[in-house]
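Working notes for the structure below.
Residue numbers (the working numbering): 1126 to 1773.
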């Protein structure tokens, strides 16, 4: 992001919507359309032993498998971590005792495990410590509370700052109550399911909870699709599956909910259904590699996993099925070309509206979903001023923002808006420990360390959660280009997949890659005026904004060669001091156009703006108005941050 007293720093959270483009031709034409399917593939790394009835939670390091039944139908207490990349299974800890048919979810920095049972159903709530979403080896579950009644065969999901427990069995009948808890020890009933069931397939999307099928009190399978609105305290049937199913699993991926396998007609099935929450429509979306009933499903980033379960003959399975959303192109003949690009993807777009001293979260239809500060979410002590950047952290349950001219970094809960952590002294500059001078691009790393470009102090800092400076690249003594000893007014410090940091230096227009230990990997001088917030796109391909007027967006390689550019000199597409550009998962490029008071999405092939939030050149505070936006971040429906996947 830009630096200096007149620097424009506004963070924009990206949720993309349709825009208009050219083309008003008539007559028959062939228009491409997309069909969403879920690619389900058996991993080449199955579990070393079959398991069923387990709970699974997605963590930063991969799926966490808790309890379950072994091949002899004995309950087990082990907690294992599955490496999402290499498929290696490692022991992470243990539950307080053997347990199966429980439910688990990640809430804050703990994994909560609800109910379940062995010989009989249990009301116990256990917690495993998971700082920064990671369960360390040797972690033991400890009892922290009790459910209001015993409950097994249940489901649990996290929405915002609360965990929700629904469905299940109390030993005599299915349970209809939907419970909420923020700590695992205190529960409140928020709704009652109109179709109570056990073995529901449950997933959350867009602040709502969806429950599919399940086993009724008579033992038959249900076809009901139930929607729980935790905020409104309601639960209703919103549709029906094509056929009754119980013991299915569900995941939220790519803006839809997918229902996986289950038991239909007394036998396991390999069907995958896709549920579209907006239209409340169910369509076929693929097949599992084999029939699976009772598998445990979770997501890690943009991938899903279906683990274990039972196959034909109720045989426990060691399978690990990986799940990826794929958009398949098809062609349809239309009489007239359409000018609408449609919503490129689902999610929430956060905008750091620097000129208005606020953060906004909007959706693809440009509805304001959340703002900070507000009456419901007041500013922390020291105020909230000049938010230069803001990024989602902790699987979408928090936000980190650097207040550039308030000289402070803050971490907030989301959507609660509570101050969780801060570094710096509001309104006071300095270079001593605890002080900053125009902090830019604060990121939370997976280790819990915060990185920041301390621009006017000409350094990049790595700061521990205990507020200790772990590493300093550059020095307040000189703003010269001699990385990593000296840096020329750094304004970007992007975390990379290899753990290194991509730094932009305003003085001289340099981009550097520096290791956490302070070793320079490479440096290049770009033929642009003011490089801002570089991003890595590929092995030797990078993206950077040129913060000037007219501004530009450039792709380049480590030799400094410009590979692609967008820099109109005039007209509607002209940019005035863009400070951040990022490639979205669908290949479009988003940027905040600071001085034109807008966030725009650009098609890199046509170089046309296909979506915009804000009225060009007209600052304001109302709907669809911004004032010097200076950043953005996208929160995907599964809680991931796809534009900076290597952060905490």
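Here a beta-carbon is modelled for each residue, glycine too, at the ideal position from N, C-alpha and C.
Query: Residue closest to residue 1213, alpha-carbon to alpha-carbon, out of 1445, 1297, 1698, 1502; Result: 1445
Query: Rounded C-alpha distance that separates residue 1731 from residue 1693; Result: 13 Å
Query: 4-residue-minimum alpha helix (DSSP H) runs that sit fully inside the stretch 1516 to 1548, ordered along the chain; Result: none
Query: Residue 1578 to residue 1447 span [Cα, whole Å]; Result: 38 Å
Query: Cβ-heavy atom distance, residue 1724 to the ligand FAD, below 7 Å; Result: Looking for the ligand FAD in the displayed structure turns up nothing, as the structure carries no ligands at all.
Query: Residues that DSSP places opposite residue 1279 in a beta bridge; Result: In the DSSP output, where bridge partners are listed per residue, residue 1279 has none listed.
Query: Per-residue DSSP class, three states only, for residue 1152; Result: Caution is warranted here: a pLDDT of 36 is assigned to residue 1152, below 50, making its placement in the model unreliable, and no coordinate value can be reported.
Query: Beta strand (DSSP E) segment containing residue 1673, residue limits; Result: Residue 1673 -> no beta strand (DSSP E), and no H or E assigned at all.
Query: Close Cβ partners of residue 1436 (< 8 Å) along its chain, the five nearest in sequence each way excluded; Result: 1393, 1415, 1416, 1417, 1418, 1442
Query: Touch test, the stretch 1419 to 1429 against the stretch 1760 to 1771, Cβ-Cβ under 8 Å, three pairs minimum; Result: yes
Query: Coarse secondary structure for residue 1321, derived from DSSP in three states; Result: coil
Query: Residue 1691 in three-state terms, based on DSSP; Result: strand
Query: Residue 1354 (DSSP reduced to helix, strand or coil); Result: strand
Query: Which listed residue (1487, 1275, 1294, 1529) has its alpha carbon closest to that of residue 1555; Result: 1529
Query: Same chain only: Cβ atoms within 6 Å of residue 1703, ignoring 5 sequence neighbours per side; Result: 1670, 1676, 1716, 1718
Query: Reduced DSSP secondary structure (H/G/I, E/B, other) of residue 1721; Result: helix
Query: Cβ distance (whole Å) where residue 1433 is taken to contact residue 1179 below 8 Å; Result: 6 Å
Query: Under the three-state DSSP convention, the category residue 1610 falls into; Result: coil
Query: Sub-8 Å separation of residue 1540 and residue 1285 beta-carbons; Result: yes
Query: Candidates 1477, 1559, 1635, 1255: closest to residue 1571 by CA position; Result: 1255
Query: For residue 1713, the nearest candidate out of 1741, 1678, 1744 (CA to CA); Result: 1678
Query: Straight-line Cα distance separating residue 1294 from residue 1430; Result: 25 Å
Query: Three-state secondary structure (DSSP) of residue 1463; Result: With a pLDDT of only 29 at residue 1463, under 50, the local geometry of the prediction cannot be trusted, and no value is derived from it.
Query: The stretch 1477 to 1489 contacting the stretch 1746 to 1758, beta-carbon criterion three pairs below 8 Å; Result: yes
Query: Where residue 1765 falls: helix, strand or coil (DSSP); Result: coil
Query: Strand pairing of residue 1478, partner residues [DSSP]; Result: 1483
Query: Own chain partners of residue 1614 with C-beta closer than 8 Å, once the 5 adjacent residues on each side are dropped; Result: 1128, 1580, 1581, 1583, 1604, 1630, 1631, 1632
Query: Distance between residue 1683 and residue 1762 (C-alpha atoms, nearest Å); Result: 34 Å
Query: Residue from 1362, 1438, 1516, 1481 whose Cα sits closest to the Cα of residue 1538; Result: 1516
Query: Integer-rounded CB distance, given that residue 1194 should sit under 8 Å from residue 1204; Result: About 15 Å separates the two Cβ atoms, so there is no contact after all.
Query: Continuous beta strand (DSSP E) stretch holding residue 1326: start and end; Result: 1326 to 1330
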